[in-house]
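Peer 1: Input: one structure, supplied below.
Here it is as structure tokens:
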């Protein structure tokens, strides 16, 4: 699903309780992370819930990144689904240009999430930007094989 489709679906839903239920349904469909990936190095700090996030280079190449994340909270798993729609499968340059605040505003999340959930959401966005930038920097400074 694209972020545009999600925005359209949100607009079709009436009350915010329905939208939260929809978010939680999206979160239930996430594959999650293995126990080996749920380690401190992958934790996103600044979230009230436990959140783990990994970013790996796409096996298909072209400088694209695959993002996987998991949480112990259903609403947060739904928010992770939104983040994957925004960031997964993009290059570091594309990730840096994503206007997450605008997307959250279009969805109404900026007005309907508690301050702690908003802080956690932006902590996840920051983590994605940081990991993508660092991975891109490492790729650009890697020696060229002879």
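Residue numbers (this note's numbering): 56 to 201.
Every residue gets a Cβ at the ideal spot worked out from N, C-alpha and C, and that includes glycine.
Is any heavy atom in the ligand NAP found nearer than 7 Å to the beta carbon of residue 189?
Peer 2: Among the ligands in the structure shown, none appear at all, so the ligand NAP cannot be discussed.
Peer 1: For residue 118 versus residue 157, is the C-beta distance shorter than 8 Å?
Peer 2: The count along the chain shown starts at 1 and reaches residue 118 at position 63. The count along the chain shown starts at 1 and reaches residue 157 at position 102. Against a cut-off of 8 Å, the Cβ pair of residue 157 and residue 118 comes out as no contact.
Peer 1: How should residue 179 be labelled, buried or exposed, when 16 other C-beta atoms within 10 angstroms of its C-beta is the threshold for buried?
Peer 2: Within the chain shown, numbered from 1, the residue matching residue 179 stands at position 124. Flag for residue 179 reads buried.
Peer 1: Would you mind working out which of 176, 171, 165 sits nearest residue 13, comparing C-alpha positions?
Peer 2: One cannot answer for residue 13 here, as it falls past the ends of the chain, which runs 56 to 201.
Peer 1: Is residue 71 buried or exposed, if buried means 16 or more other CB atoms sit within 10 Å of its CB?
Peer 2: To locate residue 71, count along the chain shown from 1; it is residue 16. Label assigned to residue 71: exposed.
Peer 1: Quick check on DSSP: helix, strand or coil for residue 125?
Peer 2: The sequence position of residue 125 within the chain shown is 70, counting from 1. Here residue 125 sits in strand by DSSP.
Peer 1: Where does residue 88 fall in DSSP's three states?
Peer 2: Reading the chain shown from its first residue, position 33 is the one you call residue 88. Three-state DSSP puts residue 88 in coil, outside helix and strand.
Peer 1: Please report the distance separating the alpha-carbon of residue 171 from that of residue 98.
Peer 2: Taking the chain shown and counting its residues from 1, one reaches residue 171 at position 116. Taking the chain shown and counting its residues from 1, one reaches residue 98 at position 43. Each residue's Cα considered, the two are about 17 Å apart.
Peer 1: Let's see if you can read the secondary structure: which residues bound the beta strand (DSSP E) around residue 110?
Peer 2: What you label residue 110 is simply residue 55 of the chain shown in a count that begins at 1. Taken as a continuous stretch (DSSP letters only), the beta strand (DSSP E) holding residue 110 covers 106-112.
Peer 1: Looking at the unbroken alpha helix (DSSP H) that takes in residue 82, where does it start and where does it end?
Peer 2: Taking the chain shown and counting its residues from 1, the one referred to as residue 82 is at position 27. Residues 71-83.
Peer 1: So, helix, strand or coil for residue 201, using DSSP?
Peer 2: The residue given as residue 201 occupies position 146 in the chain shown. Since pLDDT at residue 201 reaches only 44, below the 50 mark, its modelled position is unreliable, and no value is offered.
Peer 1: Could you compute how far the alpha carbon of residue 87 sits from the alpha carbon of residue 188?
Peer 2: Position 32 of the chain shown holds residue 87. Position 133 of the chain shown holds residue 188. C-alpha separation (whole angstroms): 23 Å.
Peer 1: Could you say which of 106, 165, 122 lies nearest to residue 150 if we only look at CA atoms?
Peer 2: Sequence index remark: in the chain shown, residue 150 carries index 95 (1-based). When only C-alpha atoms are compared, the closest one is 122.
Peer 1: Expressed to the nearest angstrom, what Euclidean distance is found between the alpha-carbon atoms of residue 56 and residue 139?
Peer 2: As a working note, residue 56 is residue 1 in the chain shown. As a working note, residue 139 is residue 84 in the chain shown. Each residue's Cα considered, the two are about 10 Å apart.
Peer 1: Starting from the C-beta of residue 84, find all residues in its chain whose C-beta is less than 7 Å away, skip the five residues before and the five after it, and write them out in chain order.
Peer 2: For this step, residue 84 is matched to residue 29 along the chain shown. Within the same chain, residue 84 has no close Cβ partners at all.
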